[in-house]
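Per my numbering, residue 503 is the first one in the sequence shown, and the count goes up by one each step.
All C-beta atoms in this analysis are idealised placements derived from N, C-alpha and C, irrespective of residue type, glycine included.
One structure is given below, encoded as structure tokens.
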Amino acid sequence: FSQGQIDRMTIVLENSPRRASLLTSPGATAPVAHPIDARIRKILSPHFFSCASTQAPSVRVHNAGITTVTGGTARAIVDGQQLADVKFDLAPGDSTDLTFSTVDFVAGTSVKVVFQTIVTGDDNPLNDKDSVTTHVPSAVTMPFTQTFNVLPANWTVVNPDGLTTWTTRSTSSPAPNDKAIYVNYNQYEEFGSADHLVTPRLTSSDAATLRFNVSYAQYSSAYQETLMVSVISGCDKDLTDTVQIYKKSGSTLATSSNTPSDYIPSSASQWRTEVVALDPALTSSPYLIVFTGVGDYGNNLYLANVQVSGADIDLGIEKWIAPSLVTCETNAKPSFQVRNVGGVDIQSFDATLKVNDNTYGAQVTGLSLQPGSSLGVELPAIPLSEGRNDVSLQITSVNGAGPDVNATNDNVVTTVIQNANSDRLPLRENFDGAQTWVLAGAGTDLSWVQSTANYGNSAMYQAFGTTSNGKTASLVSPTLDLSRALRASMFFDISYAVSDVQKIEHLRVLASTDCGHTFDQVLLDAPVNQLTNKVSNTAWTPQTSSDWSRRFVSLDALAGKSSARIALEVTGNGGNNVWVDNLEFFLNDDDTPLSVDPGIALYPGTTTSEVKLTFNLDTRQAAALKVYSSTGQLVVDNSFTDVLNQTFTVDFADQPAGIYIFRIQTGNLLLARKVLIRH
503 FSQGQIDRMT IVLENSPRRA SLLTSPGATA PVAHPIDARI RKILSPHFFS
553 CASTQAPSVR VHNAGITTVT GGTARAIVDG QQLADVKFDL APGDSTDLTF
603 STVDFVAGTS VKVVFQTIVT GDDNPLNDKD SVTTHVPSAV TMPFTQTFNV
653 LPANWTVVNP DGLTTWTTRS TSSPAPNDKA IYVNYNQYEE FGSADHLVTP
703 RLTSSDAATL RFNVSYAQYS SAYQETLMVS VISGCDKDLT DTVQIYKKSG
753 STLATSSNTP SDYIPSSASQ WRTEVVALDP ALTSSPYLIV FTGVGDYGNN
803 LYLANVQVSG ADIDLGIEKW IAPSLVTCET NAKPSFQVRN VGGVDIQSFD
853 ATLKVNDNTY GAQVTGLSLQ PGSSLGVELP AIPLSEGRND VSLQITSVNG
903 AGPDVNATND NVVTTVIQNA NSDRLPLREN FDGAQTWVLA GAGTDLSWVQ
953 STANYGNSAM YQAFGTTSNG KTASLVSPTL DLSRALRASM FFDISYAVSD
1003 VQKIEHLRVL ASTDCGHTFD QVLLDAPVNQ LTNKVSNTAW TPQTSSDWSR
1053 RFVSLDALAG KSSARIALEV TGNGGNNVWV DNLEFFLNDD DTPLSVDPGI
1103 ALYPGTTTSE VKLTFNLDTR QAAALKVYSS TGQLVVDNSF TDVLNQTFTV
1153 DFADQPAGIY IFRIQTGNLL LARKVLIRH
């Protein structure tokens, strides 16, 4: 500080009433200087981890007293076994490093080492002792793979706060035997607490790659758990001496949509494979990999299938993109996403595409796909037959070297239904008439079916009593023409009852603007129990109207599109049946439309000069509106087409006040009313 700053601080301390307490605080008390005080300043060895089979414990001793220490003794006790004492002399303020005789450590154990200074006349015993528990990881052969059917004995769990930490739990694929390791952050109230999961001792003589599966859902966007992966090179180090190679938090870490309940992954789609190159962090071998979860009192974080291997070639198909389950196209360009889950760059690959009985070859070149990176690939158009098409894609060679090392991720099987049904808004669908919607599931997945409930025929996804975990099925509309719409919306009735809180189905409402080639817009995404609140331990079938819930979805994003399609996609979890009925499309985005009896309703508008006219018809029809003055003059003469559920406004601002005769006709319905207009 400058002299002026010092003078100013002195004035404030001596004269400010708010600072008066500082003059008598512990900070103003001189430290006690003990005549004789030999203390343990720092443990030098062993560290938190010890990979060497033989270690020589060492410690730094400091003379914090004001008298020279002569003939002091340092002692080390290893798991109750006392080593040979070491003598030391120290002048006041000096330190010295002392090393004890070597001791053998057994791999796969933890060893406690206690250090102590013994000096005659030492009057401050509080700093005479210190200890460390060192973990001696066992070695594993490479390549290394770890599943978590049980908590592996050769891994180390570090739980600093002694509370919730890493443990195993039943989940879903891709974890073998449906087991993974996780931290229950949904019930972990300590914000920012870190829990570490450490591998056994690893060795690499060439390029090494880490792969692991992760699954996580945020409780809400306000809660953001973090996963970090670090490397301890050389192994004989502490948890603070690491090189971080991976860090993701919140939405970046998430593999599933926000889940405001205890999250358990229920399908393979809720897992992501991470690929991380270890080489940049490896300065020496052996080494350890540390997985660190940091909680935010949000939701659970899962790991599965940890693998460490060399520079393998492994190109996997991450997902099929297009054409989707239902499309109007007769010739469609297949597209899919691949990921380099190996350890070397991918320059090219060959693939075989089979559609029904026809086989097509494809070669993709000119790539530079690095480990861990993903890429969307589009192939030339292929013909589709009307109705169901069975499609399979197989990667046959990578980098011109034949099949890669992992055949399990080289293929995908799906179903594409070519369907040219079309319709327009407004629209109703109650599944009692001719079927224009497609009820389907991909491949061998369960499908929507028509079934009978209290509304007659309804669409039903049967999940109760099935192994439907992760299987999806879609209820897909015809191609819808919204080219003349400025706004649009959809309502639907849904019925569902929770049979097991750990087995909840999931609903997404998806939209396509290319007649179903891709459904790339998500209009609704929620666990089904958030949409309805029934409970049943038996297979669910709605019995009364109170068993249903009405839901609104805005379709404004599709306004002006001529080839739109809507899909209601359910992902099963072996819970209970999902029912959908009474879908209704409007040419507005009013989420609380007026409910009127079947037929025609005439009622006042929002101003004294307005009259509202609402239709509630079974089918689209033409309608005519004629309005006469009290003298018989025709003042309004309008014709409407495709009238179903619309509301029209008749404005009399330019007409004189008085009585008018409304005459509305559609099909065999005729409504005539006298209306008094006041200004």
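Reduced DSSP category for residue i - H, G, I as helix; E, B as strand; rest coil
| i | result |
| --- | --- |
| A783 | helix |
| P528 | helix |
| N1140 | strand |
| A1126 | strand |
| A522 | helix |
| I683 | strand |
| L515 | helix |
| G752 | helix |
| L881 | coil |
| G1076 | coil |
| P627 | helix |
| T598 | strand |
| V1030 | helix |
| T968 | coil |
Inter-residue spacing [alpha-carbon to alpha-carbon] between residue i and residue j
| i | j | result |
| --- | --- | --- |
| D1049 | L1070 | 19 Å |
| I1161 | D1139 | 17 Å |
| N921 | R1067 | 11 Å |
| I538 | T622 | 8 Å |
| P882 | S826 | 16 Å |
| G797 | M730 | 12 Å |
| A1061 | A990 | 6 Å |
| A696 | S876 | 30 Å |
| S518 | P533 | 26 Å |
| T556 | F607 | 6 Å |
| T570 | D591 | 8 Å |
| D738 | T604 | 15 Å |
| G573 | V588 | 10 Å |
| Q720 | Y765 | 9 Å |
| F1150 | Y1105 | 11 Å |
| Q1004 | L1146 | 42 Å |
| G863 | T854 | 5 Å |
| A1103 | S997 | 29 Å |
| Y804 | T670 | 9 Å |
Exposure label - residue i; buried when at least 16 CB within 10 Å
| i | result |
| --- | --- |
| A999 | buried |
| P1029 | buried |
| T974 | buried |
| E516 | exposed |
| E831 | buried |
| F693 | exposed |
| S1141 | exposed |
| T1034 | buried |
| Y789 | buried |
| Y690 | buried |
| D906 | buried |
| I848 | buried |
| T531 | exposed |
| T744 | buried |
| L635 | The sequence shown places Thr at residue 635, rather than the Leu named in the question. Classification for T635: exposed. |
| N802 | buried |
| T1121 | exposed |
| R703 | buried |
| I542 | buried |
Option nearest residue i by Cα separation, candidates the options
| i | options | result |
| --- | --- | --- |
| S976 | L1104, I919 and V571 | I919 |
| I568 | D606, G595, G529 and C553 | G595 |
| S758 | S771, I747, Y748 and K681 | S771 |
| M962 | A990, N971 and D995 | D995 |
| P627 | T636, G1074 and F617 | F617 |
| F650 | V659, I620 and A682 | A682 |
| L869 | E880, F1150, L886 and S850 | S850 |
| R577 | V951, V893, T619 and P533 | T619 |
| F551 | H637, A864 and R926 | H637 |
| D1099 | G582, S1047, N1118 and N1084 | N1118 |
| A558 | Q583, G582 and F602 | F602 |
| T575 | D599, D1144 and T1116 | D599 |
| S674 | F714, N686, A806 and F646 | A806 |
> Would the region 1163-1176 and the region 1119-1132 be scored as touching if the rule is three or more Cβ pairs under 8 Å?
Replying inline: Yes: the two stretches touch, three or more of their Cβ pairs being nearer than 8 Å.
> Does the count of Cβ pairs from the region 808-821 and the region 837-854 closer than 8 Å reach three?
Replying inline: yes
>> Quick test of the definition: if touching needs 3 or more C-beta pairs under 8 Å, does the region 1021-1028 touch the region 1101-1113?
In response: no
> For the region 1084-1101 against the region 1008-1020, are there 3 or more C-beta pairs whose distance is under 8 Å?
Replying inline: No: the two stretches stay apart, fewer than three of their Cβ pairs being nearer than 8 Å.
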